[in-house]
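As they're listed, the protein sequences go chains A and B. Reminder that position 51 of the first sequence reads as 847 in my numbering, one-by-one numbering, no gaps. Reminder that position 130 of the second sequence reads as 926 in my numbering, one-by-one numbering, no gaps. Down below is the structure, laid out as structure tokens.
2 protein chains.
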Amino acid sequence: MPIAMSQTPKQPADRPVPTSADVARLAGVSRATVSYVLNNTSAVRISEPTRIKVRAAAEELGYVPHAAARSLRAGHTRIVLLPTAHIPVGPLYSRFFNELQWELRRLDYTVVQYGSLGLGADEAARAWAELRPVAVVSLGEIELTPQGVQLLKRSGARAVITLGPQRVEGAHALVMDQREVGGSAVAHLRERGRRRIGVLIPEEPGLELFSRPRLAGARKAVHGTDAVVEPVPMAYTEESAAQLAARWRELGLDAVFAYNDEYAMLLMRALQDADIDVPGETAVIGADDLLLGRLLRPRLSTVHVEMVTGRHLAELVDRVVRDPDGAPERHDLMGARALPRESS
Amino acid sequence: MPIAMSQTPKQPADRPVPTSADVARLAGVSRATVSYVLNNTSAVRISEPTRIKVRAAAEELGYVPHAAARSLRAGHTRIVLLPTAHIPVGPLYSRFFNELQWELRRLDYTVVQYGSLGLGADEAARAWAELRPVAVVSLGEIELTPQGVQLLKRSGARAVITLGPQRVEGAHALVMDQREVGGSAVAHLRERGRRRIGVLIPEEPGLELFSRPRLAGARKAVHGTDAVVEPVPMAYTEESAAQLAARWRELGLDAVFAYNDEYAMLLMRALQDADIDVPGETAVIGADDLLLGRLLRPRLSTVHVEMVTGRHLAELVDRVVRDPDGAPERHDLMGARALPRESS
DNA sequence: ACGAGCAGTTGACACGTGTAAGCATGAGTC
DNA sequence: GACTCATGCTTACACGTGTCAACTGCTCGT
């Protein structure tokens, strides 16, 4: 036996991918017939024997339609553009986006993630428009302008949906009001009798998108009362937490809303290591209701964030795509409620 | 003053998106010239005044090229297909994929995430091939067959890269050998004198992709010794952890490799709540080296997983796309080393 | 004065697909 | 036998782009 040649089982690998014309030739019919058969076009009647011939030919050649040609001809796509967040967004959002993609896929859309890497808002909108997406769902990291929305719509987008806190002219807005998170947390702390309340601001870049409105909500919650809110920067490292804990007493705070559960856990441990009693001396509350928060002692209080499900949003996208001129429903994406445990 | 009409600042929104022909008409030149100018084609010389006219016309109309038409004509795309993981993959991988996308974007690729929702391997390959991607990077959730790889290559993919533990004929394989993780963990526990070692298996569906090879590695590490390995199923909930802890002593284990840090934290807390001393009675080790693992007491031992960076992988993709027939470099994506802290 | 050469521009084709409109065939009806 | 009429299929065009080859003026060298 000579050395086995198992690399190229059937086809010379450099052979170009077959087109519907090749299928037609092999089946002995016209290209149109091939198209009708493979798309099950109901308006045209094709006999069963022909259908079988065509399908067999397609199978034999390993025919795969060309998506670009198809959507060029069709004049539209099933692409849903999902501008990528390049920020280290928490597990809650990761899961949300995963589910969203999944559900869109179920509805037969093609999900395209498109980072926009330091582009301006209008440049980004332009880059997006090149793909002629039928829908754009923007987290709000890029703040679309009304012109951008209009450009997208003119280029075929039937749904442009922003998830951010701000409303953009022409786009469906799904208000994701981070302020409520800060508001609920601080309102809870106030009820517990706390007066000097710190609000942890992550130093990691990109998170301002969330931390700023959360701080704003916190401020609003003490407005007109005798309580005060103090922003406190901290990075997501043990060192940073330890440094903050070391000078904690100078700050004179009796409570802190720690952005989210991960930062809260980190800070709480650092405070304990610096002999600051939680919640006796300082109350701590996080956000996102992570399972891990219940493992520390005292159990971490948190703000439970009720997010719209990915399926829900996917269905909204689909609805708007089908009927772009329907009543512009306004949705509040988030509900937030404090979930007191033991650390506050 | 009548009521202000601010909705449609300039254009009747239903006007179709302009094509290069429209730009040509407005600039008073031919369509070819427009293409040459906007693409900066260096082989053809166009006078400066004409360039300016064309650019002005394009700007005025808000011209955006049609990506599908462009790639149809070009015969290839810059699409990198990233089959979506629909499994609840940990923060380590989330970050990795984020970075990968980001870096691919920098290299001017269009990243398309394409879930393949319960399709078979060959069906999935077919669906992917429709997009004519220039590269496919597959996590290995869908196990590509050699036929699938060949189909993708014939349809224009210059790089097909699998990240899974298995090697696929025809594809570049980047071996992500999860077995090392289990191996390192168990080897460490054995050094510490542990003999009856549990290996936690998450009950969450989809994670077998990781847990199975980790278990295999653990088994290999005790092979030929007097130590034994015992799989232990658990779900990521407090109840499941508590139930497991309640019958822990029946299992007669003196150590456990808990899949990853999150499961490890959950289990360790449950064991402590059931008055089982860690590490005295049972040693616990996780994996992924999460920051949060250092917050519990005792501090959680872990396996630090050294992953290739997203940038690194992106550059590999680019290299293979440029030179598909280059030496088929073999990469080991992961290094794993035990990081003993206090729980083992 | 006349061909050669060059800069600047254009006409025409190809990429792969979907579909409207038209053509051939044969069966049925008057 | 001429007419509808349904059936089954094909011919022909359009979608928007990139690019080759050809064409037009113009300048230059002799």
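By construction, the Cβ of each residue, glycine as well, lies at the ideal position given by its N, Cα and C atoms.
**Prompt:** Going along chain A, which residues have a C-beta under 8 Å from P861/B?
**Reply:** E926
**Asked** Rounded to a whole number of angstroms, what is the C-alpha to C-alpha distance between G886/B and G1002/B?
**Response** 12 Å
**Prompt:** L868/B touches chain A at which residues, Cβ-Cβ below 8 Å?
**Reply:** H862, A864, A865, L868
**Message:** Which same chain residues end up closer than 6 Å to S867/B when comparing Cβ atoms and leaving out the 5 residues on each side of it in sequence?
**Reply:** T873
**Item:** Proximity below 8 Å, CB of V1080/A to CB of M1064/A
**Value:** yes
**Prompt:** Going along the chain, which unbroken runs of the alpha helix (DSSP H) with 4 or more residues stay wholly within the region 1076-1136 of chain A?
**Reply:** 1106-1118
**Prompt:** Are the C-beta of Y1032/A and some C-beta of chain B separated by less than 8 Å?
**Reply:** yes
**Message:** Is the beta carbon of V819/A closer than 8 Å to that of T846/A?
**Reply:** no
**Message:** Buried or exposed for D1071/B, going by 16 or more other Cβ atoms inside 10 Å?
**Reply:** exposed
**Message:** Cβ closer than 7 Å: which chain A residues qualify as neighbours of G858/B?
**Reply:** L947
**Message:** Taking 6 Å as the limit between beta carbons, can you name the residues of its chain near G1106/A, skipping five residues before and five after?
**Reply:** F892, E895, L896, E899
**Asked** When burial is assigned at 16 or more other CB atoms within 10 Å of the CB, is H1019/B buried or exposed?
**Response** exposed
**Request:** Quick one: which unbroken alpha helix (DSSP H) runs of 4-plus residues sit fully inside the region 995-1027 of chain A? Chain order, please.
**Result:** 1004-1018
**Request:** Report buried or exposed for P998/A, applying the criterion of at least 16 other Cβ atoms within 10 angstroms of its Cβ.
**Result:** buried
**Alpha carbon of S912/B to alpha carbon of V907/A, nearest angstrom** = 11 Å
**Request:** For P1075/B, count neighbouring Cβ atoms within 10 angstroms of its own Cβ and tell me buried if that reaches 16, exposed if not.
**Result:** buried
**Request:** Write down every uninterrupted run of the beta strand (DSSP E) in the region 826-892 of chain B whose length is 3 residues or greater and which is fully enclosed by it, in chain order.
**Result:** 875-878
**Message:** Going by beta-carbon coordinates alone, are T1098/B and G1089/B separated by less than 8 Å?
**Reply:** yes
**Message:** So the candidates are E965/A, E937/A, M1061/A; which of them puts its Cα closest to the Cα of G1082/A?
**Reply:** M1061/A
**Request:** Whole angstroms is fine: what's the gap from I777/A's alpha carbon to V830/A's?
**Result:** Because chain A spans 797 through 1140 in this model, residue 777/A falls outside it and cannot be assessed.
**Item:** Which of helix, strand or coil DSSP assigns to M972/B
**Value:** coil
**Asked** Can you name the residues of chain A whose CB is closer than 7 Å to the CB of P887/B?
**Response** P887
**Message:** Taking the alpha carbon of P812/B as the reference point, which residue from L1135/A, R928/A, T1033/A has its own alpha carbon closest?
**Reply:** R928/A
**Asked** What's the gap between the Cα of R988/A and the Cα of D1069/A?
**Response** 24 Å
**Item:** Three or more C-beta pairs below 8 Å linking the region 966-981 of chain A and the region 1036-1046 of chain A
**Value:** no
**Asked** Comparing the C-beta of S951/B with each C-beta of chain A, is any distance below 8 Å?
**Response** yes
**Asked** From L1067/B to M972/B, what distance separates their C-alpha atoms?
**Response** 32 Å
**Message:** Going by DSSP in three states, S951/A sits in which element: helix, strand or coil?
**Reply:** coil
**Prompt:** If you count every other CB in all the chains shown that lies within 10 Å of the CB of D1114/A, and 16 or more means buried, which is it?
**Reply:** buried
**Request:** Could you tell me the distance, in whole angstroms, from the CA atom of P1136/A to the CA atom of L915/A?
**Result:** 42 Å
**Prompt:** What's the C-alpha gap between L857/B and R821/B?
**Reply:** 11 Å
**Item:** A1051/A, enclosing alpha helix (DSSP H) - first and last residue
**Value:** Where A1051/A is concerned, there is no enclosing alpha helix (DSSP H), although the beta strand (DSSP E) it sits in stretches over 1051-1053.
**Prompt:** Within 8 Å (strictly less), CB to CB, does M1103/A reach chain B?
**Reply:** no
**Message:** Just checking A1132/B against the ligand NAD - is the residue's beta carbon closer than 7 Å to any of the ligand's heavy atoms?
**Reply:** This structure does not include the ligand NAD; it has no bound ligands of any sort.
**Asked** What does T880/A reach in chain B if we use C-beta pairs closer than 7 Å?
**Response** Q897
**Request:** Please name the residues in the region 952-983 of chain A whose beta-carbon is closer than 9 Å to at least one beta-carbon of chain B, in chain order.
**Result:** G952, E965, G966
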